[in-house]
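Residue numbers (this note's numbering), protein chains in the order written: chain E, 203 to 688; chain R, 374 to 819.
No residue lacks a Cβ here, since even glycine has one placed at the ideal position from N, Cα and C.
All figures in this text were calculated on a predicted structure; none of them were measured in a lab.
This report concerns only the one structure given below.
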Amino acid sequence: MDIDHTTGLKRRDLLTIGLAAAGVSALSGCNQAIDRVVGVRPPNEPTPAVRGPDRRLFDRIAFGATAPEQSRLAALGRDGYVEEQLRADREEPWVLRAKLNRLDVVRLDGYELGDLPEPRILEQLQQSALLRAVYSPNQLRERMVDLWTNHFSIYVPKARGKFLKGRDDLEVIRTHALGSFPDLVKASARSPAMLGYLDNQVNRKGVPNENYARELMELHTLGVDGGYTQRDVMEVARCFTGWTYEQAPPLVQIATGKTPVARGHFRFDPNVHDDGPKVVLGQRIPAKGGMADGERVLDILTSHPSCARFVARKIGRYFLGEAAAQVEDEAARAYRRTGGDIKAVLRPVLSSDAILDGPPIVKRPFDLVVSSLRALYADTDGRAVGGHLREMGQPLHEWPMPDGYPDRTAAWTGTFLARWNYALALAGDQIAGTTIEWEGLEQAWPGGPAAVWEQITGTPAPAWLRGHDTRQAVAMALSAPEYQWR
Amino acid sequence: MAMSERRDCEGYRTWERGRTFDDEASCSVSRRGVLIVTAIGALGWLGRRSALAQLAVAGGPREGNAFVMLFLRGGADGLNLVAPYGEDAYYRERPSLAIAPPRDGRTATANRLLDLDGFFGLHPSMGAILPLYEAGTLAVLHAVGSGDRSRSHFEAMAAMERGLYRNPHSLPSGWMARFLEATPARSNSPLRAVAMGATTPDIVRGASHATTIPSLDRYRISSPLKDLSSDAFVEALGRLYANGPDEVGQAGAETLHVLKALNRLDPAAYRPEGGADYPPTDVGQAMRQVAMLLKADVGVETAFVDKDGWDTHVAQGATEGWMTGLSSELALTLRAFVDDLGPARMQRVNVVVMTEFGRRLRENQGLGTDHGRGSFAFVLGGGVRGGRVIADWPGLEPTQLEEPGDLRVTTDYREVLAEVLETRMGLADPSSVFPGVGRARRGLIG
């Protein structure tokens, strides 16, 4: 049972007190103030709409603007704000921690989740991603988590994925999101979720399974034109034989003479490792290397010039869309200069002019939903709202192929109907577990439907909007073409 | 075989037969089901006018044939779906996965291949389409594929959806989009090409008059707002999307147009004919909706349906297991579709089933197979000279395989498509859709 060390109270008690306190009038003012800062309630005072370059900055490095973040940007200036987002060291608000603590996938590891119905586990994984993206002040990190989750995409419904993805999310993606790309790849290569998804646990001496080896090169590091051959795929597969995860319970492991490893954790099995000599991308890997073979491959791949370019292009595309080519060279150089430091690659991208005045990027459903919840200061549990994400075609962790959800505009223009129905449901309080404080919103946005439109879209409202009320204006603004771009 | 019942997001019960590991059912429609894509995006980019610019009232029956592409994503194992039991190498290289030949007395009938022509046999789970084969409605092809040798799903699918042989990125548009441009429009319907699913597939990229629909039943606006009816909201959307010059603006406008066209249908009340029994799965329901649209005369000329999950790297299963569930579903779906449309309508419809590549001859130690090259294809429907397996069979001995051990491709998939489209869909110049396509034809249509 985890204890909070400052108070000596069990976390569960703290949570109860915290939630109860939110309802107690003596403390409610204090907590409401916190909620307003976090963005769970609309601001206390009227706030100007965020427009122009500021708006674009928040749409790109964050999931859209909120009034508290706008104040912070004003205080720090653009460079200062971006540097702070790169540090990603702002404290996660208690409201977010409280919401996450209700999810077993955050508190429990792997097979401990066995008692939960399986659909619920996947749903909770989706909830946790949504909640963090909506409420975390470290928005750039949440953007990078979105990027890397798709880059190292795992189809969670396969096999044991639902028990394993939670730890992958924390230890692979979130830990290294703004760190070192080589470390990120190395963590992913040891991730049971990834190994299980790409069948590496049956990659054995004698008959290698190429699935992980191929996607490691094609999708994770070098790109399909990165200069590897079919032969390389097979040699890399041989290097990763034995990289697996433990599936047996501890007693069975002991009975079979192994040193016990927690179920669902990484294990290198030397008995199935192909220990012969190999050649990967022209480099010889001598025999009897054991686990070092795979580690050597990861070094070769992450220091390959194609990897620098591939990562630079991926990050460039995510933040600059079609304008990515402008910064690709500089970003690739930054990768090579720093041995793959993600922040170093990000800096030329984020400081490029194209981020403010380049062509817009279509919002994928996750972008749309998260930005709308932020824009309206909604209080959500992230649960039922995920059903709308599914209708729009982006239920998290359910993309079947390892390449992740597409980023082309054309891939997403077919589901506008679902977006419009979502906007109506949100405006009509029809999404269970998601509430908007309508009166507070109207106070923060005085000026009727036109003000509502302008706050949400950052553009002047059409004249005919005049006859409508706040909710109708919200539904229309969220559905408008202006709001589908970031 | 284990049958597990799942719910998908619409409350359909989906049945999965014979999965050997527990697989969470999601109601994801991301790549399954029929995609009806509103790919207006490329309009400005191609310099074509949108369907809206040629506003005409869609109404009245349209003559002409229809074409349905059913694409199996993941690399479906042609060597087990249409097994060359006449090859020794087939049994030698697949000690666990090979399926017993049709007359193997030591094996139960249910686990033997269904004989097609004395050399090839159909996977026993696909019995539902055997009558179609025997009646000549279904032709089977083999050693079909593209020239893409990367064995990457994405490259191979891109090649096949863009109608290219290799160099999948040399053209950004989908071949179905080019087909729409190359043939005279029978109408201004935004549903000339229809794809069911949630994300727009490459095959219609660049198309005007193409629509993506995740599901017909849910293709409507519902407003819970007091004082704003669904109709009023749709009208407001019409104003918001009236002038959009960009992909989003155009796509929104076309979505509204399709909404109006489809509101005339009542998908919930649709009853399949001919005793058709569609599997209650994504693909089964998708094809059911295609049938509905074809019968409803809303101007559908081509449709695209895809089905994921064929990437059987591990525990593929021979006559039970992962792949068997998929192949069974495929056969039942095709049979239901043919039954539903009925003999008269099927004279005017063709269905082609393909996959981006096949799988390696030799099974791997996970009792699955890795990415290969040549695979099978089906051509069904009107005019088809079926009841045969058509292949330039290269053989499976080591010297006959493509490095490192795959069935060679001896039939360019584009020649198959070209033949169907030029004989059945009025495509005068196939090279406008498939640049550089050869002239060889297999005599599929007669």
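With 8 Å as the threshold, decide whether the Cβ of residue i is near any Cβ in chain R.
| i | result |
| --- | --- |
| Asp581 of chain E | no |
| Met396 of chain E | no |
| Arg687 of chain E | Going by the sequence as given, residue 687 of chain E is Trp instead of Arg. Trp687 of chain E counts as touching chain R. |
| Arg406 of chain E | yes |
| Ala677 of chain E | yes |
| Phe618 of chain E | yes |
| Arg673 of chain E | yes |
| Asp569 of chain E | no |
| Asp204 of chain E | A caution first: Asp204 of chain E carries a pLDDT of 46, below 50, which makes its placement in the model unreliable, though a value can still be read off. Chain R, which has no Cβ nearer than 8 Å to the Cβ of Asp204 of chain E, makes this no. |
| Trp350 of chain E | no |
| Asp306 of chain E | no |
| Ala525 of chain E | no |
| Asp609 of chain E | no |
| Val194 of chain E | It is not possible to answer for residue 194 of chain E, since the shown part of chain E is limited to 203 through 688. |
Please state the DSSP three-state secondary structure of residue i.
| i | result |
| --- | --- |
| Lys480 of chain E | strand |
| Arg406 of chain E | strand |
| Gln689 of chain R | coil |
| Ser330 of chain E | helix |
| Ala456 of chain R | strand |
| Ile356 of chain E | coil |
| Ser553 of chain E | coil |
| Thr585 of chain R | strand |
| Asp690 of chain E | Limits of chain E in this structure are 203 at one end and 688 at the other, which puts residue 690 of chain E out of reach. |
| Thr446 of chain E | strand |
| Gln485 of chain E | strand |
| Ala361 of chain E | coil |
| Val564 of chain E | strand |
| Val762 of chain R | strand |
Can you give me the start and stop residues for the beta strand (DSSP E) that residue i sits inside?
| i | result |
| --- | --- |
| Arg469 of chain E | Phe468 to Phe470 |
| Thr461 of chain E | Run containing Thr461 of chain E: none; DSSP gives neither H nor E here. |
| Thr628 of chain R | First-last for Thr628 of chain R: Glu620 to Leu635, but that is the alpha helix (DSSP H), not the beta strand (DSSP E). |
| Thr675 of chain R | Thr675 to Lys680 |
Let me check one thing: in DSSP terms, what residues is residue i bridge-paired to?
| i | result |
| --- | --- |
| Ser393 of chain E | The partner list for Ser393 of chain E (beta bridge, DSSP) is empty, contrary to what the question assumes. |
| Val722 of chain R | R:Ala439 |
| Glu775 of chain R | R:Asp779 |
| Leu753 of chain R | R:Leu511 and R:Val724 |
| Thr636 of chain E | E:Thr582 |
| His744 of chain R | R:Arg732 |
| Thr487 of chain R | The residue you asked about is not Thr; residue 487 of chain R is Leu in the sequence shown. Answer is R:Leu495. |
| Thr784 of chain R | R:Val517 |
| Phe444 of chain R | R:Asp679 and R:Met727 |
| Ala566 of chain R | R:Ala583 and R:Thr675 |
| Ala473 of chain R | R:Arg485 |
| Ser382 of chain E | E:Asp543 |
| Ile818 of chain R | R:Val757 |
Please report the residue range of the alpha helix (DSSP H) in which residue i lies.
| i | result |
| --- | --- |
| Ser543 of chain R | It is not in any alpha helix (DSSP H) - Ser543 of chain R carries neither H nor E in the DSSP assignment. |
| Gln674 of chain E | Thr672 to Ser681 |
| Phe618 of chain E | Phe618 to Ala629 |
| Met665 of chain R | Asp655 to Ala669 |
| Met533 of chain R | His526 to Glu534 |
| Ala652 of chain E | Gly650 to Thr659 |
Residue i CB to nearest chain E CB: under 8 Å?
| i | result |
| --- | --- |
| Val567 of chain R | no |
| Val687 of chain R | yes |
| Ser562 of chain R | no |
| His582 of chain R | no |
| Thr654 of chain R | no |
| Tyr463 of chain R | no |
| Asn737 of chain R | yes |
| Leu845 of chain R | Any question about residue 845 of chain R goes unanswered here, given that chain R covers just 374 to 819. |
| Ala609 of chain R | yes |
Do we get a CB-CB distance below 8 Å when we pair residue i with the residues of chain A?
| i | result |
| --- | --- |
| Pro255 of chain E | This model lacks chain A altogether, as its protein chains are E and R. |
When you check each C-beta in the stretch 622-644 of chain E against every C-beta of chain R, which residues fall closer than 7 Å?
Trp622, Asn623, Leu626, Ala627, Ala629, Gly630 and Gln632
Compile a chain-ordered list of the residues in the stretch 743-776 of chain R whose CB is closer than 9 Å to at least one CB of chain E.
Asp743, His744 and Glu776
Under 7 Å (Cβ pairs) to chain E, residues found in the stretch 474-499 of chain R:
none
When you check each C-beta in the stretch 615-626 of chain R against every C-beta of chain E, which residues fall closer than 7 Å?
Gly617, Glu620, Val621, Gly622, Ala624 and Gly625
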